[in-house]
Amino acid sequence: MVRGVTDRSPGYYDPALETMTPESRRQFLRARLKETLQHAAERAPHLTTRLQAAGLTIDQLAEPDDLFRLPPLRKRELPSLQKQVPPFGDLVAVPPSALQRIFISPGPIYDPEGAGPNYWRMARAMFAAGFRRGDIVLNTFAYHLTPAGSMCDEGLAALGCVVIPMGGGNTETQVQVLRDVQATGYVGTPSFLHTILQRAEEAGITPLRDLTLELAFVSGGMLPESLRTVMHQGYGVSVTQAYATADLGLIAYECPLRSGMHVAEDLILQIADPETGQPVPDGMAGEVVVTTFNRVYPLIRFGTGDLSVLDPAPCGCGRSTPRLTRILGRADDVTKIRGMFVHPSQLDAVMVEVPDVTRYQLVVRRAGFEDDLVLRIETAGSPGDVVARLESRVREAIKLRTRVEVVPQGTLPQDAKKILDERTWD
Numbered sequence: 003m004v005r006g007v008t009d010r011s012p013g014y015y016d017p018a019l020e021t022m023t024p025e026s027r028r029q030f031l032r033a034r035l036k037e038t039l040q041h042a043a044e045r046a047p048h049l050t051t052r053l054q055a056a057g058l059t060i061d062q063l064a065e066p067d068d069l070f071r072l073p074p075l076r077k078r079e080l081p082s083l084q085k086q087v088p089p090f091g092d093l094v095a096v097p098p099s100a101l102q103r104i105f106i107s108p109g110p111i112y113d114p115e116g117a118g119p120n121y122w123r124m125a126r127a128m129f130a131a132g133f134r135r136g137d138i139v140l141n142t143f144a145y146h147l148t149p150a151g152s153m154c155d156e157g158l159a160a161l162g163c164v165v166i167p168m169g170g171g172n173t174e175t176q177v178q179v180l181r182d183v184q185a186t187g188y189v190g191t192p193s194f195l196h197t198i199l200q201r202a203e204e205a206g207i208t209p210l211r212d213l214t215l216e217l218a219f220v221s222g223g224m225l226p227e228s229l230r231t232v233m234h235q236g237y238g239v240s241v242t243q244a245y246a247t248a249d250l251g252l253i254a255y256e257c258p259l260r261s262g263m264h265v266a267e268d269l270i271l272q273i274a275d276p277e278t279g280q281p282v283p284d285g286m287a288g289e290v291v292v293t294t295f296n297r298v299y300p301l302i303r304f305g306t307g308d309l310s311v312l313d314p315a316p317c318g319c320g321r322s323t324p325r326l327t328r329i330l331g332r333a334d335d336v337t338k339i340r341g342m343f344v345h346p347s348q349l350d351a352v353m354v355e356v357p358d359v360t361r362y363q364l365v366v367r368r369a370g371f372e373d374d375l376v377l378r379i380e381t382a383g384s385p386g387d388v389v390a391r392l393e394s395r396v397r398e399a400i401k402l403r404t405r406v407e408v409v410p411q412g413t414l415p416q417d418a419k420k421i422l423d424e425r426t427w428d
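Position in the sequence shown (first residue = 1) + 2 = my numbering.
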C-alpha cells in the first residue's frame, strides 16, 4: 500500500507557545486574562452582571488565582440564560451576523463559532497526534447540530490534511471508503473506531495488510488503555485522545508520550471543588473550570461539569503545561467523603485490574463522627488475595482507607449503585 506521509517525527505545532518557561507562561496568562476581561466587560454584558453580583471589578481579577473569587458559570445555566436573553444570554461579544456558524447542543444550548481558520484551536492537538500534510483522514464526528465534525475538520485543514467528512454510522461504507481511498487517519470516538475495524475483519479484510490506517485522534468517549493496546498491537493504529467541548473548543490533548492530556496553552484551567468552586489540592479530583481567551465567546470561569485530576509534574515531551490525568465523569455523580471527591469511574479503573471481581459496591456510613467506607465485592477468585490487593489499590486510587468485604455471589443487585451513601446527619 502507498502511504502518503513518511515523516511523523515528533515536534511542536507552535514551539514558542507549547514550551514556554513557567515565568513566561505566568506573564502570558496574566496579560491575556486582563485583555479578555476588559473585552468581555465591554462587549458581553453578562460578565458585568456576574461581577456585580460577586462584588468584584475586573481590576480585582489580575492573576489567574484571583478568578477563584468569582463563582463559576455552570454549563447547566446556559439554557435558562439564553432563554432570558436570546440567543446567547449576553455571553457572546459579537453580533450573531458576525458568526460563521451556530450549533445546537442538547438543552437546547446555542454554541457560536466565530470566523477564521482553526477557530477551535484543534490543529496543535492533531499535530501532537502525528497528523501531517498529505494524510487522508476519515472524520466520523457529526457535522450537523453539534460542532465536533467541523472543529476537527478545521484543525485537519490547518495541517494540510485531506478530510473525508463521513459523519457517524454507515459502518460498511466507512470500511469501504477507508480501503478505497487508502486513508491514513481516523477522527471520531474510540468505540466507533473499534467497530469499524471489527466490521472490516468480518468482511474478510485484514487491517494490517489491506488498510493503510496509521493514526486515530479520538474524543467524546472513554479510552481504556486496554483498547489503545488492542488498536496498536492488533491493527497497527496509534491512538491519541483529546478533550474538547462545544463551548470551549480544545481544552487538553495528549502528547506522543501519552502520560495525560496537556492543558491547552491559550486558556486557564483550574480544578475546583464542585460544591464551592474553590481550589482543590494537586492530585485531588475536582471539576474542570476553564477561562478561555476567545474574543467571540469569552467564557470566564466556566464550569464544564466534568471531573478530572491535574498533574503539575514536568513532562518529558518538553511541553510545559500541566496535564489532566483523564476525565473521570460528571461532577453530578460524585460523592464527597472525608473532604475527597470520589467518582464511580475511579473504582471502575481499579476493578479492571482485578478481573476476579464480578460486582462491587462502595458503602459509605457514619461511625461516630467519622465516615466509614466498606467496599462490598463478589468474587470468583480467592478472597484473601483479592481483598489484600483491593485494599491497597482502592486507597491509592481514592486516597481513602477502605475495608473490603467479600459477599456471596448474587448478594449485590445487578443495578446496584456503585457508591451507596447511607450517611445520616442527625
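Just so it is clear, CB atoms sit at the ideal spot from N, CA and C, and this is done for glycine as well.
DSSP places G190 within a strand segment (E or B) once states are collapsed to three. Straight-line measurement puts the Cα of I111 at about 9 Å from the Cα of S82. For G386, the enclosing alpha helix (DSSP H) starts and ends at 385-400.
Boundaries of the alpha helix (DSSP H) harbouring K36: 24-45, taken from the DSSP string. Rounded to the nearest angstrom, the Cβ distance from I273 to S228 is 26 Å, too far for a contact under 8 Å. The closest CA to that of D155, considering only V139, G170, L147, is found on V139. When Cβ pairs closer than 8 Å are counted between the two stretches, the region 254-274 is seen to touch the region 317-336, the count reaching three or more. Boundaries of the alpha helix (DSSP H) harbouring H48: 48-56, taken from the DSSP string. DSSP places K419 in the coil class of the three-state scheme, outside both helix and strand. Here DSSP, grouped into helix, strand and coil, assigns Y362 to strand. Taken through DSSP and simplified to helix, strand or coil, M263 comes out as strand.
The alpha-carbon separation between F70 and P283 amounts to approximately 14 Å. Counting of Cβ neighbours within 10 angstroms places H234 among the exposed residues, the total staying below 16. In this structure D308 is buried. Its beta-carbon is surrounded by 16 or more other beta-carbon atoms within 10 angstroms. When the alpha-carbon of G136 is set against those of G190, L147, L217, E65, the nearest one is in L217. Secondary structure note for Q243: it is in no alpha helix (DSSP H), and the uninterrupted beta strand (DSSP E) holding it is 240-247. With fewer than 16 other Cβ atoms inside 10 Å of its own Cβ, A55 counts as exposed. Looking only at N172, G171, M153, the smallest Cα-Cα distance to V165 is reached by M153.
Here P114 has F90, V94, L101, I104, V298, Y299 as same chain residues with Cβ atoms under 7 Å from its own Cβ, once five neighbours each way along the sequence are excluded. Per DSSP, the beta bridge partners of Q272 are V291. Membership of R211 in any beta strand (DSSP E) is not indicated; the residue belongs instead to the alpha helix (DSSP H) covering 209-212. Short of 8 Å from the beta carbon of I106, and not among the five residues preceding or following it, lie these beta carbons of its own chain, in chain order: Y112, D113, L147, T148.
Comparing C-alpha distances from K338 to each of A150, E424, A390 shows the shortest one belongs to E424. Closest by C-alpha distance to G285, out of R303, V292, E398, I379, is E398. Taking C-beta separations shorter than 7 Å and ignoring five residues to either side along the sequence, the partners of R181 in its chain run I207, D212, L213, following chain order. Rounded to whole angstroms, P209 and Q86 show a C-alpha spacing of 52 Å.
For L19, the enclosing alpha helix (DSSP H) stretches over residues 17-20. Beyond the five residues adjoining it in sequence on each side, T38 comes within less than 6 Å, by CB distance, of F295, P300 in the same chain, given in chain order. Cβ-Cβ separation between V189 and N141: approximately 5 Å, consistent with a contact (criterion under 8 Å). For A351 and D358, the gap between their C-alpha atoms comes out near 14 Å.
Across the structure, D275 and T413 are spaced so that their CA atoms are roughly 34 Å apart. Residue I379 holds the alpha-carbon nearest to the alpha-carbon of P410 among P98, P17, I379.
Less than 8 Å divides the Cβ of L377 from the Cβ of E407.
Straight across, the Cα-Cα distance linking G116 with D67 is about 28 Å.
Short of 8 Å from the beta carbon of L58, and not among the five residues preceding or following it, lie these beta carbons of its own chain, in chain order: R71, L72. Between the alpha carbons of M224 and K36 lies a gap of roughly 35 Å.
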